[in-house]
Amino acid sequence: MTRGSFWITADTAPTPAGTVLRAPMYVEWERPDAAERPPVVLVHGGGGQGTDYLVTPDGRPGWAPLLAAAGHPVYVVDRPGHGRSPYDPAVLGDPAPTWGSEALRAIFLEDPAGPPLPPHTQWPGALDASDAVFEQFIASQGPMMADTAGMHEVERDRLVALLEKVGPAFVVAHSAGGPGAFLAADTRPDLVLGLAAVETIGPPFLGQPQAGILLPWGLAAAPLAYDPPAESPDDLRIAVDTSGPVPLALQEEPARRLPNLARVPIAIVTAPASPFRYFDGHLGAFLDQTGCSSTFLRLEDAGILGNGHGMMLELNNAEVLAVITDWFAGVGEGGA
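Those letters in the sequence shown? Residues 1 to 336, per the numbering used here, in order.
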C-alpha cells in the first residue's frame, strides 16, 4: 500500500499580504499495491473535512482505508476552505458561522424536538452528545463560505481538476458535499463512473435557507447545463407541493433536462434514522424529471437498520459501504 498527498491548485489572487493561491484543495490518497478496481473520490459534507472518511470518532477505520483494502485507489478531499485546504477570507470572502453542537446533534444523533424516526442504534457514542465520541466529531467542524454559489463553483472546478488528474472514478459525496460533486459530474460526465449521493443536501431548489444553503439551480447554487439552456434560475419555472412533511419543488412541465448529468449513474443513499429521509424522494423526483438515471439505496432495503446521517462514522460503516460498492459493481466497474 502506498500513500501520499497533494493539492489541486488553480489561479492566484491578490491580497494585502501579496499574491496567494486561490482556494487550493488538499487531497490525501491511498493506493493498493495491486489496484484492481477503479479509483474512488470521497467528498465530505458540511463544515467537516476529509477525516470523516479516514477514521471514525471512536477510532475505527473509515471508508477510505476500507476501500483501499478492497482494491480501490482512494482520493479523499478537504473541500476548499475546509481542513487542510486553508480558509482565507481575503480570497473566499466572509465565512458563514460554524454549526454548533446543538444543530449537529439534531442532524447526526437525534433531535428530541424533531419528527419521529426509527431507533438510531449505530452511532458509536451517546445520542445525547454527552461523551468524547461526539466531541471528537465536532472538533472537525469549521465554517463554510457564506457565498454559496462561489463555494459550489470552486468545489466544482477543483473536483473536475482532480478527476482530470486521476482519470475516470466513482465519486461518493456526502451531505453539503453533494452540490459540488453534482456540478463536477455535469461538467465532465466522461470522468465519473458513478456518483453515490449519500444524503446530499436538499431538497432540490429549496435547500436549507435557515442554514444559509440555497439551491436555486436545483442541485446547487451554481449553474447546471440545462437543455434548453437556462440563463438564470428565474428561467426554471418551479411549482412547490406543500402537502407532504417537507415541501417538494419541481419544474413545471415541460421540464428542462440535464443531458450531461443523465450520462452518469447516480445512487441515492439514505439511512432509516436520519432526518434526511424525509426528502430523499425529492432528489429522485428531480432527477427523473430532468432525464437522469438514479437508483435508491435505502439501507433498510438491504436489511441495515439503525443508521443516521453520519453513516460513514457509525458502528456498521463497513456494512454500509458494502451496499455502495455492490452498486459500483452493478453499474459496471470498468466504466459507465
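All C-beta atoms, glycine included, are put in the ideal place defined by N, C-alpha and C.
Q: Report yes if the CB atom of residue 238 is closer than 7 Å to the CB atom of residue 205, and no otherwise.
A: For this step, residue 238 is matched to residue 238 along the sequence shown. For this step, residue 205 is matched to residue 205 along the sequence shown. Against a cut-off of 7 Å, the Cβ pair of residue 205 and residue 238 comes out as a contact.
(Q) Using the Cβ count rule (16 or more neighbours within 10 Å means buried), how would you classify residue 1? (A) As a position in the sequence shown, residue 1 is number 1, starting the count at 1. By the neighbour-count rule (16 or more Cβ atoms within 10 Å), residue 1 is not buried but exposed.
(Q) Among the candidates 273, 263, 266, 147, whose CA atom is the shortest distance from the CA of residue 95? (A) Walking along the sequence shown from the start, residue 95 turns up at place 95. Checked all of 273, 263, 266, 147; the closest Cα to residue 95 is 147.
Q: Using alpha carbons as the reference points, say which of 167, 108, 142 lies closest to residue 128.
A: Within the sequence shown, numbered from 1, the residue matching residue 128 stands at position 128. That would be 108, whose Cα lies nearest to the Cα of residue 128.
Q) Taking the alpha carbon of residue 282 as the point to measure from, which residue in 83, 89, 191, 219 has its own alpha carbon closest? A) Here residue 282 refers to the residue found at position 282 when the sequence shown is read from its first residue. Ranking 83, 89, 191, 219 by Cα distance to residue 282 puts 219 first.
**Q.** Other residues of its chain near residue 156: CB distance less than 7 Å, five sequence neighbours each side excluded
**A.** In the sequence shown, the residue the question calls residue 156 occupies position 156. Closer than 7 Å at the Cβ level, and outside the excluded window around residue 156, lie 180, 183, 184, 187, 222.
Q: State the Cα-Cα distance for the pair residue 17 and residue 91, rounded to the nearest angstrom.
A: Here residue 17 refers to the residue found at position 17 of the sequence shown. Here residue 91 refers to the residue found at position 91 of the sequence shown. Roughly 11 Å between the two C-alpha positions.
Q) DSSP on residue 166, reduced to helix/strand/coil? A) Mapped onto the sequence shown, residue 166 falls at position 166. Helix at residue 166.
**Q.** Sheet register partners of residue 412 (DSSP bridge)
**A.** Nothing can be reported for residue 412: it is not among the residues displayed for the chain, which extend from 1 to 336.
Q: Assign residue 144 to one of three DSSP states: helix, strand, or coil.
A: Numbered from 1 along the sequence shown, position 144 holds the residue referred to as residue 144. Of the three classes helix, strand and coil, the one that applies to residue 144 here is coil, per DSSP.
Q. Out of 6, 37, 26, 113, which has the shortest C-alpha to C-alpha gap to residue 329?
A. Working through the sequence shown from its first residue, we reach residue 329 at position 329. Comparing Cα-Cα distances from residue 329 to each of 6, 37, 26, 113, the minimum goes to 37.
Q: Check residue 123 in the structure and name its three-state DSSP category.
A: On the sequence shown, position 123 is the one that residue 123 refers to. Residue 123: coil per DSSP, three-state reduction.
Q) Expressed to the nearest angstrom, what Euclidean distance is found between the alpha-carbon atoms of residue 177 and residue 160? A) Here residue 177 corresponds to residue number 177 of the sequence shown, with the count starting at 1. Here residue 160 corresponds to residue number 160 of the sequence shown, with the count starting at 1. Whole-angstrom Cα-Cα distance: 14 Å.
Q: Just mark residue 19 as buried or exposed, buried being the case when its beta carbon has 16 or more other beta carbons within 10 Å.
A: Indexing the sequence shown from 1 puts residue 19 at position 19. Residue 19 comes out exposed.
Q) Cα-Cα, which of 300, 314, 324 is closest to residue 118? A) Counting from 1 along the sequence shown, the entry for residue 118 is found at position 118. The shortest C-alpha separation from residue 118 is found at 300.
Q: For residue 83, count neighbouring C-beta atoms within 10 Å of its own C-beta (all shown protein chains included) and say buried if the count is 16 or more, exposed if not.
A: The residue labelled residue 83 in the question sits at position 83 within the sequence shown. Looking at its Cβ environment, which holds 16 or more other Cβ atoms inside 10 Å, residue 83 is buried.
Q. To the nearest angstrom, how far is it from the Cα of residue 131 to the Cα of residue 125?
A. By one-based count along the sequence shown, residue 131 stands at place 131. By one-based count along the sequence shown, residue 125 stands at place 125. For residue 131 and residue 125, the distance between alpha carbons rounds to 7 Å.
Q.
DSSP has residue 28 in a bridge; who is on the other side?
A. Against the sequence shown, residue 28 aligns to sequence position 28. DSSP lists 5, 76 as partners of residue 28.
Q | Three-state secondary structure (DSSP) of residue 19 | A | One-based indexing of the sequence shown puts residue 19 at position 19. Residue state, collapsed to three classes: strand.
Q. Between the Cα of residue 153 and the Cα atoms of 263, 52, 286, 215, which residue gives the shortest distance?
A. Taking the sequence shown and counting its residues from 1, the one referred to as residue 153 is at position 153. Ranking 263, 52, 286, 215 by Cα distance to residue 153 puts 215 first.
Q | Same chain, Cβ closer than 6 Å to residue 262, neighbours up to 5 away in sequence not counted | A | Within the sequence shown, the letter at position 262 stands for residue 262. Closer than 6 Å at the Cβ level, and outside the excluded window around residue 262, lie 291, 292.
(Q) If you follow the beta strand (DSSP E) that residue 205 is in, where does it begin and where does it stop? (A) For the purposes of this step, residue 205 is identified with residue 205 of the sequence shown, where counting begins at 1. Residues 205 to 208.
(Q) Using C-beta distances below 6 Å, list every residue in its chain close to residue 136, excluding the 5 sequence neighbours before and after it, in chain order. (A) On the sequence shown, position 136 is the one that residue 136 refers to. The residues are 57.
Q. Going by alpha carbons, who is nearest to residue 120 out of 332, 288, 322, 271?
A. Here residue 120 is taken as the residue at index 120 of the sequence shown, counted from 1. Nearest of 332, 288, 322, 271 to residue 120, Cα basis: 271.
**Q.** Reduced DSSP secondary structure (H/G/I, E/B, other) of residue 187
**A.** By one-based count along the sequence shown, residue 187 stands at place 187. DSSP places residue 187 in helix when its eight states are reduced to three.
Q | Own chain partners of residue 334 with C-beta closer than 6 Å, once the 5 adjacent residues on each side are dropped | A | Taking the sequence shown and counting its residues from 1, the one referred to as residue 334 is at position 334. Interpretation of residue 334 is limited by its pLDDT of 47, a score under 50 that renders its predicted location unreliable; no figure is taken from the coordinates.
Q | residue 194 - containing beta strand (DSSP E), residue span | A | By 1-based counting over the sequence shown, the position of residue 194 is 194. Unbroken beta strand (DSSP E) run through residue 194: 192 to 198.
Q | Closest residue to residue 232 among 191, 245, 149, 209 (Cα-Cα distance) | A | Translated into the one-based positions of the sequence shown, residue 232 becomes position 232. The shortest Cα separation from residue 232 among 191, 245, 149, 209 belongs to 149.
Q | residue 179 (DSSP reduced to helix, strand or coil) | A | Sequence index remark: in the sequence shown, residue 179 carries index 179 (1-based). Helix.
Q: Would you decide whether residue 134 is buried or exposed? Buried here means 16 or more other CB atoms lie within 10 Å of its CB.
A: In the sequence shown, counting from the first residue as 1, residue 134 sits at position 134. Buried, by the Cβ-count rule.
Q. Secondary structure at residue 256, three-state DSSP: helix, strand or coil?
A. As a working note, residue 256 is residue 256 in the sequence shown. The answer is coil: DSSP assigns residue 256 none of H, G, I, E or B.
Q | Local Cβ density within 10 Å of residue 199, reported as buried at 16 or more and exposed below that | A | Translated into positions along the sequence shown, residue 199 becomes position 199. Buried is the call here.
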